[in-house]
Amino acid sequence: KSGYFMGSSLSLFDIQLYNLIHFFDDQESVQKALADCSNLKAIHDKVEQTPAIKKWLAERPETMF
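Residue numbers (my numbering): 14 to 78.
This is the structure:
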């Protein structure tokens, strides 16, 4: 309803979930899980569109990770 895992605002868990999905994004099993669990994909997308996170993703330094 709110678009977050629990509650009505962004939580550390939402950020951790985003990070986990984003880190393993290229794995076939993760892509299948996201296809089967649209709520997880929606949380990932909502976190990614949070203005401060969107800004950080655009400006963060390049790393090997």
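Note that the Cβ used here is the ideal one computed from N, Cα and C, for glycine as well.
Check	Outcome
Residue environment, D27, which counts as buried when at least 16 other CB atoms sit within 10 Å	buried
Within-8 Å CB hit, L70 to chain B	Of the protein chains in this structure there is only one, and it is not chain B.
Any 3 or more C-beta pairs closer than 8 Å across the segment 20-37 and the segment 56-73	yes
Alpha-carbon spacing of F5 relative to S21, whole angstroms	What the structure shows of the chain is the stretch from 14 to 78, and residue 5 is not part of that stretch, so it cannot be assessed.
Y17 (DSSP reduced to helix, strand or coil)	coil
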